[in-house]
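Take 277 as the starting number for the sequence shown in our numbering and just add one per residue. Glycine included, each C-beta is placed from N, C-alpha and C at the ideal position. None of the values given here were measured: they were computed from a predicted structure. Scroll down for the structure; my scribbles are underneath it.
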Amino acid sequence: MNASGSKRQAEFAFVTVQPRDAGNEGGRSRAARSHAASVGYRKSQLATKSKTQRALTRSGIGAGAVSSQQRRQHDSASSIIKFSQYQPGKDQHVSNAVALPLTRTLSPTFGAGGLSTFDVTSDAFSAGTGSFMASVVWPVVAGDAISRRWFEDFCTSPIVFHAHCTAGDTYLAYLENDLTHINNNRTLVHKSKAINLIRQGIERIAAMRQQEKEKLIFGMMILSNHEVEPRHLEERDLPFRPHLPSANWFRCWGRTDAIEAHERTAFFLINQLGGLKALQMPGLAPMAALVDIFRRSSAVHDIRPDFDCYWDLHVSDLLPDYYESIVSSPPSEKSFASTPGAGFPRLANVLPAKAISLFSDLACLDMVMSQCLQRHSTSAKEQRFLDVRNAIIHRLLSLPSWNDLPAYEQDRTNRLLYRICCTTCLVYSNGVMLPMPPHNGWNARLTAQIRKLLEKTDMSYWHSSMQSLLLWTILISGMAAYETENRLFFEQALENYLSHRPLTYEQAISEVKSFVWSDSVCELGSRELWKASLQHYDSPVV
Numbered sequence: 277m278n279a280s281g282s283k284r285q286a287e288f289a290f291v292t293v294q295p296r297d298a299g300n301e302g303g304r305s306r307a308a309r310s311h312a313a314s315v316g317y318r319k320s321q322l323a324t325k326s327k328t329q330r331a332l333t334r335s336g337i338g339a340g341a342v343s344s345q346q347r348r349q350h351d352s353a354s355s356i357i358k359f360s361q362y363q364p365g366k367d368q369h370v371s372n373a374v375a376l377p378l379t380r381t382l383s384p385t386f387g388a389g390g391l392s393t394f395d396v397t398s399d400a401f402s403a404g405t406g407s408f409m410a411s412v413v414w415p416v417v418a419g420d421a422i423s424r425r426w427f428e429d430f431c432t433s434p435i436v437f438h439a440h441c442t443a444g445d446t447y448l449a450y451l452e453n454d455l456t457h458i459n460n461n462r463t464l465v466h467k468s469k470a471i472n473l474i475r476q477g478i479e480r481i482a483a484m485r486q487q488e489k490e491k492l493i494f495g496m497m498i499l500s501n502h503e504v505e506p507r508h509l510e511e512r513d514l515p516f517r518p519h520l521p522s523a524n525w526f527r528c529w530g531r532t533d534a535i536e537a538h539e540r541t542a543f544f545l546i547n548q549l550g551g552l553k554a555l556q557m558p559g560l561a562p563m564a565a566l567v568d569i570f571r572r573s574s575a576v577h578d579i580r581p582d583f584d585c586y587w588d589l590h591v592s593d594l595l596p597d598y599y600e601s602i603v604s605s606p607p608s609e610k611s612f613a614s615t616p617g618a619g620f621p622r623l624a625n626v627l628p629a630k631a632i633s634l635f636s637d638l639a640c641l642d643m644v645m646s647q648c649l650q651r652h653s654t655s656a657k658e659q660r661f662l663d664v665r666n667a668i669i670h671r672l673l674s675l676p677s678w679n680d681l682p683a684y685e686q687d688r689t690n691r692l693l694y695r696i697c698c699t700t701c702l703v704y705s706n707g708v709m710l711p712m713p714p715h716n717g718w719n720a721r722l723t724a725q726i727r728k729l730l731e732k733t734d735m736s737y738w739h740s741s742m743q744s745l746l747l748w749t750i751l752i753s754g755m756a757a758y759e760t761e762n763r764l765f766f767e768q769a770l771e772n773y774l775s776h777r778p779l780t781y782e783q784a785i786s787e788v789k790s791f792v793w794s795d796s797v798c799e800l801g802s803r804e805l806w807k808a809s810l811q812h813y814d815s816p817v818v
């Protein structure tokens with residue numbers, strides 16, 4: 277490769293490719309490709325992360341369209357990767373370690389529809405996708421350490437390469453609200469190649485090594501969660517304000533449609549290999565576990581997770597790091613007795629002990645996240661929060677239905693209150709902890725379930741000790757029902773509640789804080805619901 281070609285590849289922050297020495301094949305070439313991918317990942321990340329991340333932050337996941345100038349940049353052949361800091365005449369961007377002999381080009385596509393190399397003249401789009409995924413998507417989804425390994429697989433595994441290119445176009449489509457990122461021949465080539473490779477892999481699955489099987493599973497998991505639904509292209513408001521800015525990534529992921537055939541097959545193969553803990557590919561097990569709880573949280577029917585809980589963590593694992601922050605909070609927030617969750621133990625005579633403990637854990641996690649996360653946020657600590665969050669959500673989804681409760685627990689449990697508490701906690705989990713966008717209708721389905729439960733009872737005759745629980749359920753469900761046909765029911769339910777038990781807004785919020793509630797999450801939505809419910813009712817609203 278001549279000097280100009282070397283400079284051109286340096287500009288794109290990938291690797292130089294030199295002619296292969298005769299007789300130097302096999303292990304050395306594989307090691308060279310892996311090493312080149314490693315170095316290329318670091319260069320690509322440094323070259324693109326800063327500016328691309330700023331662009332992502334400005335627009336938000338799935339936010340409005342970018343400016344015409346930015347759109348022209350994305351439409352050009354070097355859309356994202358030209359953010360490199362390369363300057364002509366400075367060859368130091370390419371280290372001596374990178375200039376290793378490779379038996380073939382870095383890209384594994386090898387002639388698939390013209391997508392045969394990462395060189396600027398023939399496949400800058402694939403280079404741009406790799407740079408975008410490695411610099412923006414993977415660090416958020418999996419962290420920097422796992423991102424480097426995924427980049428190596430992106431460069432050396434055809435199925436991973438094609439699946440990630442399909443996913444990258446999906447992210448860009450939602451990021452820019454522009455379907456042209458997926459409605460083109462290039463994306464169709466990547467998707468068709470990935471599907472063909474999956475079919476071929478399934479046909480010879482018995483002869484595969486575990487490493488190959490896991491890459492096959494990885495490809496299926498990627499395709500199963502990145503199918504664009506044009507009706508979900510536009511961003512929609514969330515009913516709550518989530519704790520974590522990074523959780524916005526779910527606002528993109530949650531707008532895709534699941535391909536159940538890929539997902540069910542991938543889960544079946546994982547169980548054949550021995551479950552999540554038996555997987556060896558970095559990042560695959562937590563990704564599969566997260567897909568499991570994400571899809572179960574939004575399922576049309578009441579179903580349990582497929583896998584056992586991958587995260588062996590409890591909310592108490594967070595307390596040593598944040599104990600000082602909690603005890604130094606203002607007096608009104610200092611005591612656990614006055615924080616969310618204290619109301620559930622008062623229902624010990626009508627709820628199972630396991631459920632009470634779990635609901636209290638959810639409230640405790642919500643409290644710690646609202647008080648500590650924004651003030652003491654680091655990547656490691658955020659990941660710790662997310663892992664504990666995932667564990668609690670998995671346990672919430674795994675709670676037995678009423679029919680599955682042992683007979684002795686059914687005898688001492690109020691069926692209506694048990695179902696109301698389980699469903700309302702799931703609403704809060706979906707809307708705040710993940711948070712899940714409303715595009716797939718999870719909020720309409722869950723609030724419809726709560727509506728049916730409340731319609732079965734005369735709320736004016738609820739025991740006085742249950743009145744606070746009823747108020748909490750109405751407020752959380754009413755906020756979640758925003759822009760659904762169930763919203764009017766909860767506005768009227770709140771109006772009816774206040775006609776029997778007049779309260780100011782401040783008095784009402786003071787009561788519901790004994791369950792699962794954070795002002796930073798709920799205040800705006802609850803005030804809007806409160807005012808809407810009192811349009812025809814004279815109450816001392818503040």
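Query: Are the beta-carbon atoms of residue 707 and residue 516 separated by less than 7 Å?; Result: yes
Query: Can you look up residue 533 in the DSSP assignment and give me helix, strand or coil?; Result: strand
Query: Which residue's Cα is closest to the Cα of residue 406: 431, 657 and 425?; Result: 431
Query: Would residue 629 be called buried (16 or more neighbouring beta carbons within 10 Å of its own) or exposed?; Result: exposed
Query: Where does residue 475 fall in DSSP's three states?; Result: helix
Query: Considering only DSSP beta bridges, list what residue 503 is partnered with.; Result: 533
Query: Based on Cα-Cα distance, which residue from 751, 807, 777 and 712 lies nearest to residue 514?; Result: 712
Query: Restricting to runs no shorter than 4 residues, where is the alpha helix (DSSP H) found entirely within the stretch 653-698?; Result: 655-673 and 683-687
Query: Could you tell me the distance, in whole angstroms, from the CA atom of residue 512 to the CA atom of residue 494?; Result: 29 Å
Query: Do residue 642 and residue 621 have their C-beta atoms closer together than 7 Å?; Result: no
Query: Taking all protein chains shown into account, do 16 or more other C-beta atoms lie within 10 angstroms of the C-beta of residue 592, making it buried, or fewer, making it exposed?; Result: exposed
Query: Output the distance between the C-alpha atoms of residue 491 and residue 542, rounded to the nearest integer angstrom.; Result: 11 Å
Query: What residue does the alpha helix (DSSP H) around residue 820 start on, and which one ends it?; Result: Absent from the model: residue 820. The displayed extent of the chain is 277 to 818, so no value can be given.
Query: Helix, strand or coil for residue 810, going by three-state DSSP, please let me know.; Result: coil
Query: Quick one, which of 586, 624, 700 and 625 has its alpha-carbon nearest residue 638's?; Result: 700
Query: Among residues of its own chain, excluding the 5 on either side of residue 439, which ones have a beta-carbon nearer than 7 Å to its beta-carbon?; Result: 470, 495, 498 and 499
Query: Residue 803 by DSSP, collapsed to three states: which one?; Result: helix
Query: Mind checking whether residue 626 and residue 702 have CB atoms under 7 Å apart?; Result: no
Query: Nearest by alpha-carbon distance to residue 536: which of 501, 548, 410 and 739 is it?; Result: 501
Query: In three-state DSSP terms, what is residue 299?; Result: Unreliable placement is indicated for residue 299, whose pLDDT of 38 sits below 50; no coordinate value is reported for it.
Query: What number of angstroms, rounded off, separates the C-alpha of residue 566 from the C-alpha of residue 778?; Result: 43 Å
Query: Work out the CA separation of residue 721 and residue 775 for me, nearest whole Å.; Result: 28 Å
Query: Please report how far the alpha carbon of residue 680 lies from the alpha carbon of residue 635, in whole angstroms.; Result: 19 Å
Query: Is the beta carbon of residue 738 less than 7 Å from the beta carbon of residue 667?; Result: no
Query: Please work out which residues of its chain come closer than 6 Å, Cβ to Cβ, to residue 426, disregarding the five sequence neighbours upstream and downstream, and give them in chain order.; Result: 414
Query: Can you give me the C-alpha to C-alpha distance between residue 731 and residue 631, rounded to a whole angstrom?; Result: 24 Å
Query: With three or more C-beta pairs closer than 8 Å as the rule, is the stretch 478-487 touching the stretch 440-459?; Result: no
Query: Which residue comes first and which comes last in the alpha helix (DSSP H) that contains residue 518?; Result: Per DSSP, residue 518 belongs to no alpha helix (DSSP H) and is neither H nor E.
Query: Quick check: the Cα distance between residue 723 and residue 714, rounded to an integer number of angstroms?; Result: 12 Å
Query: Look at residue 410 and residue 423 and say whether their C-beta atoms are less than 7 Å apart.; Result: yes
Query: From the DSSP output, in three-state form, read off residue 590 for me.; Result: coil
Query: Report the three-state DSSP secondary structure of residue 481 (helix, strand or coil).; Result: helix
Query: Leaving out five residues before and five after residue 799 in sequence, what residues of the same chain have Cβ atoms less than 6 Å from its Cβ?; Result: none
Query: Quick one: is residue 485 buried, meaning 16 or more other Cβ sit within 10 Å of its Cβ, or exposed?; Result: exposed
Query: Find out if the Cβ-Cβ distance for the pair residue 646, residue 796 is shorter than 7 Å.; Result: yes
Query: Using three-state DSSP, classify residue 583 as helix, strand or coil.; Result: coil
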